[in-house]
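Residue numbers (UniProt numbering): 1 to 150. Positions of the beta carbon are idealized from the N, C-alpha and C atoms, including for glycine. One structure is given below, encoded as structure tokens.
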Amino acid sequence: MLNVQSLPSAEEIALAKLSSQELSAVLKANGDVQNFNVVGKDGETHSVKLPASAVKLMIEVLTQLGQGNSVSITPIHAELTTQEAADMLNMSRPTLIKLLDSGELAHSRTGNRRKVAFVEVMKYKQDLDAKRLSALDELSALDQELNLGY
């Protein structure tokens, strides 16, 4: 898992913005492979083929850095600590522990340590977001029905 804790400098932000725009401009709309020429330390040009998905990921990383955000890349198969999972769900660790103990969120135990699969955290987050949107839709419909002007 790659996790850069420091925020990018002003120079890095400017370079990331420019790089993101340049990569976006050359990304093929329909293609599985992108060809790039890279100049190495020795001054030689090397042809590099990258999957389009990797280029899109690079663009997203550069976009986030260009907005001054730090970036964390987590493999899908990764197992997270309870604190990492709580941070991803934007909740306290004790609240996450309650979800684990109630069985709402699947986890595994190694000794006295709980681990939560990244895919389980993302699935729970998507379900939670869907429930929130549904509740907002219901409130919006009720507001319209009652002519509250929202």
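- Whose C-beta lies closer than 8 angstroms to the C-beta of leucine 100 among residues of the same chain, with five residues either side of it excluded? Thr82, His107, Arg114, Val116
- Would you decide whether glycine 66 is buried or exposed? Buried here means 16 or more other CB atoms lie within 10 Å of its CB. buried
- Tell me, which residues are paired with proline 51 by DSSP? Val33
- Among Glu79, Lys123, Asn69, the one whose alpha carbon lies nearest that of isoleucine 13: Asn69
- Of the choices Leu15, Leu7, Val121, whose alpha-carbon is the least far from that of isoleucine 59? Leu15
- Task: Mind reading off the beta-carbon distance from residue 180 to alanine 78? Whole number of angstroms is fine, and I expect it under 8 angstroms.
- Result: Nothing can be reported for residue 180, as the shown portion of the chain is limited to 1 through 150.
- Kindly indicate the opening and closing residues of the alpha helix (DSSP H) around lysine 131. 118–145
- Same chain, Cβ closer than 8 angstroms to lysine 56, five either side skipped, listed in chain order: Only Leu27 meet the Cβ criterion.
- Just tell me which of Ser24, Asn112, Glu120 has its CA closest to the CA of isoleucine 76. Glu120
- Short Cβ contact (7 angstroms threshold) for valine 33 with lysine 49: yes
- Query: How would you write the range of the alpha helix (DSSP H) that threonine 110 sits in, first residue to last?
  - Reply: Threonine 110 -> not in any alpha helix (DSSP H); beta strand (DSSP E) instead, spanning 108–110.
- Message: Given this structure, state the Cα-to-Cα distance separating glycine 111 from alanine 85, to the nearest angstrom.
- Response: 18 angstroms
- Query: Can you round the beta-carbon distance between leucine 7 and leucine 62 to whole angstroms, since I take them to be within the 8 angstroms contact cut?
  - Reply: 15 angstroms between Cβ atoms; not a contact.
- Item | Where serine 92 falls, given that 16 or more other Cβ within 10 Å makes a residue buried | Label assigned to serine 92: exposed.
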